[in-house]
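Report on one structure; see the data block that follows.
This is how it looks when you write it as structure tokens:
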């Protein structure tokens, strides 16, 4: 029986999940492959803590070279996360002729070009299904299942933490701050939640999705990113009244010329499948020219689901190894040499519908002045709701605006703010159908 | 530039879709592959009708040998459908060393063993993504994305025609017969709709899904199959009152020992994602040990979506061809030699919840006699609804029943029927959560 040696760097939650999966399902994997995935070595600085899996002491090492330089290791699994030393480890593995499986979205979104080039030069493979959508086989679907299509649009709920927070805010009517604290207690949010709640993690994932879907190099810096910390339960309630749910959505579109890629709170119709995605689950909606709309749903994070994606990649590489091939499929779906830099549509050029909530001073003529400013930019209002009103006090004024250009909306809002008839900042939520 | 020759047998709707796709997206496919998918020949008995695509006359032939015996054809696409002559064509292609792509679920569900054996013996590949879920990459997801898992449960909306009919019945409150007629007019149902409405098509697809997911040979004959023709708008309305939708569901479960596979109208909770799948769309929900629940949604039929799946398979085989390998992945996910016959759970042993609608004679003591008969089999009633009642007339009596054994339910219903207190047959709909 052929054996394929696996080395793991990083024995944290996911690393332990991978070890657990290989132990529990190894026999079925062997039955599929006609070969054995053999765990050769696990490297981590901390090999004393209990990870909840039984592993022979001899398979643990604090020296990463025991994985990277080990001739018995065919495939290296990088689960360190972050930019360094993960980047160095991945490049060393590739330089040593070992293929790599990683869950590291940050590394690939920011240094993808460098890493993929290193893989191509070494004639090795690198797979990273776990980097986007956790256990959902979305990258494989784009790279293979949908390979006959030109993909036009992607909408993704790509971050479980923020989807959990928005779901709780909606169901309990509680504030962002309160729900975040609860999520931190439950382990659904990090002590420093910035990466998740400000949309950075989702933007990393969207970078990879857009690059693979459109076959253009989309840089992480070009992704417009806005988090959910300014969303209030009131906005979620108003959204409901208009027939929408509020989700942190990754949106990527390609019109054949320019790419737009953005992560922001988004109102989507209540009856859209994405609206039914609750809690820590993720889902990716893809619109392709021949397939039409399709959707992929599952757990976007967690020990078991992520291990499922990592070991799925190991099985794919093992199948290649058994067949005696390398580099069978380009990691980004298109060979790097055939991918041009994406022409990015400036944020101001984006067109969508908008929800705008203003806190207006309750004086005669205010609504007329506000709608006048919008009209000047040819922005048309679909509906206005003025909620609760105490004589002489500020009132929330909610506007649903027909499709308009982002630059026009922002310019109109600047004018409205300059009129001094509103208190605080306007809340703007983009609306997609 | 390497060329991979493609021959198509069957120039109907899907065949024309494949030709259209190769023409429209050929450049992008070449950019992905670094090789060209070249349409060499299309064979059909009718090459005169207009198929809505431009194709050189010289590429059309009425002689199937121009595909099957053509040295320029590397991959044969079989789109004839049905058992014969499709089976003969596929086997001839394989015997001639050509790999095969097919959308033929009937052929594979009934003669899969023979066809896959022929492929293995010839050292060729056979792919059939379009056979299940139309354009949804569900087979590829099971074979590769979820390959690290033991799959435990599959729930699938696998037939677009019946899902369209049930959706329309629900939304318009119209009868099965009336909606079926409308569906036939719109081209969503065949002139002879038996295969679709009686669940046969869904059972073909479930046979393939269960076989691949569990790695056991599940025979088509062992799939319990019941259609939707006896469902009434009243049942759908009662289901709503209880918080359910009615769907024609393919259900496959594996407990590590026995497999159950069944297709029947099923009540599922309104807030389940599958309940949101409307019209001709399909979706497959998969529960796996490490990944947990995941769902795949898209168009289950149609010219473009099916062509997307067929050409996706062509691209996979072309990647193998470019890499110089064959037989890299077992078509059924596990090699045939490693697959035992599934031990099928007899229908009577199935356990689920039940909706039962009886038309009871309005006499004193009837409900007590009915519940007595159920109690004798230790079947417990969750709720009873007796709708509308005219003195001395028959009344619909709707029972929601806690989890019970199918054999017990059927025996109890036989006893109830023997009491002569009910008119007509009982309507039984299984309930899954």
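Protein chains in written order, with the working numbering: chain W, 1452 to 1884; chain X, 1452 to 1884.
Ideal placement from N, C-alpha and C gives every residue a C-beta, glycine not left out.
For residue 1678 of chain X, the secondary structure class from DSSP, reduced to helix, strand or coil, is coil. The beta-carbon of residue 1540 of chain X is placed no less than 8 Å from the nearest beta-carbon of chain W.
For residue 1834 of chain W, the beta-bridge partners assigned by DSSP are W:1851. Taking 8 Å as the threshold, the shortest C-beta distance from residue 1755 of chain X to chain W falls below it.
Rounded to whole angstroms, residue 1802 of chain W and residue 1855 of chain W show a C-alpha spacing of 5 Å.
Fewer than three beta-carbon pairs drawn from the stretch 1484-1498 of chain X and the stretch 1660-1678 of chain W are found closer than 8 Å, and the two stretches are therefore not classed as touching.
In this structure, residue 1465 of chain W and residue 1757 of chain W form a Cβ contact; the two beta carbons are roughly 5 Å apart against a cut-off of 8 Å. The Cβ atoms of residue 1656 of chain X and residue 1556 of chain X lie closer than 8 Å to each other.
Contacts with chain X at 8 Å (Cβ-Cβ) do not include residue 1522 of chain W. With fewer than 16 other beta carbons inside 10 angstroms of its own, residue 1875 of chain X counts as exposed. Classified as exposed, residue 1513 of chain W has fewer than 16 neighbouring CB atoms from the shown chains inside 10 Å of its CB. Residue nearest to residue 1751 of chain X within the set X:1745, X:1744, X:1504 and X:1760 is X:1760 (criterion: CA-CA distance). Contacts with chain W (Cβ-Cβ distance below 7 Å) from the stretch 1471-1498 of chain X involve 1472, 1476, 1479, 1480, 1482, 1483 and 1485, listed in chain order. Under the Cβ criterion of 8 Å, residue 1739 of chain X is counted among the residues facing chain W. Distance between residue 1719 of chain W and residue 1647 of chain W, taken at the CA atoms: about 20 Å. By the beta-carbon neighbour count (other beta carbons within 10 angstroms, threshold 16), residue 1534 of chain W is exposed.
Going by C-alpha positions, residue 1625 of chain W is about 23 Å away from residue 1722 of chain W.
By the Cβ criterion, the stretch 1846-1862 of chain W is not in contact with the stretch 1782-1793 of chain W, since fewer than three pairs of Cβ atoms, one from each stretch, lie closer than 8 Å. In the DSSP secondary-structure assignment, residue 1715 of chain W is bridged to W:1700. Your pair residue 1739 of chain X and residue 1602 of chain X checks out as a contact, with CB atoms roughly 5 Å apart and the cut at 8 Å.
Taken through DSSP and simplified to helix, strand or coil, residue 1642 of chain X comes out as coil.
The alpha carbon of residue 1651 of chain X has as its nearest neighbour, out of X:1636, X:1680, X:1663 and X:1623, the alpha carbon of X:1680.
Any Cβ of chain X closer than 8 Å to the Cβ of residue 1747 of chain W would place that residue at the interface, and such an atom is present. Straight through space, the alpha carbons of residue 1806 of chain W and residue 1852 of chain W are spaced by roughly 6 Å. Looking at X:1792, X:1604 and X:1493, the one whose alpha-carbon comes closest to that of residue 1526 of chain X is X:1493. Of all residues in the stretch 1597-1628 of chain X, only 1597, 1598, 1599, 1600 and 1601 come within less than 8 Å of chain W when Cβ atoms are compared, listed by chain position.
The beta carbon of residue 1454 of chain W does not come within 8 Å of any beta carbon belonging to chain X, so the residue lies off that interface.
Restricting attention to X:1521, X:1558 and X:1579, the CA atom closest to the CA of residue 1767 of chain X is found in X:1579. Scanning W:1498, W:1581 and W:1736 for the CA closest to the CA of residue 1532 of chain W turns up W:1581.
Closer than 7 Å at the C-beta level to chain W, one finds these residues of the stretch 1784-1814 of chain X: 1784, 1785, 1786 and 1789. For the stretch 1607-1658 of chain X, the full-length alpha helix (DSSP H) segments reaching 4 residues or more read 1611-1623, 1627-1637 and 1645-1648 along the chain. Distances from the alpha-carbon of residue 1470 of chain X to those of X:1765, X:1868 and X:1743 put X:1765 closest. With a minimum length of 4 residues, the unbroken runs of alpha helix (DSSP H) contained wholly in the stretch 1541-1582 of chain W fall at 1556-1573. DSSP places residue 1745 of chain X in the strand class (E or B) of the three-state scheme. Non-local C-beta neighbours of residue 1551 of chain W in its own chain, meaning closer than 8 Å and more than five positions away in sequence, comprise 1526, 1527, 1528, 1529, 1541, 1544, 1545, 1570, 1575, 1576, 1577 and 1578, ordered along the chain. Within chain W, the C-beta atoms nearer than 8 Å to that of residue 1758 of chain X come from 1599 and 1741, in chain order.
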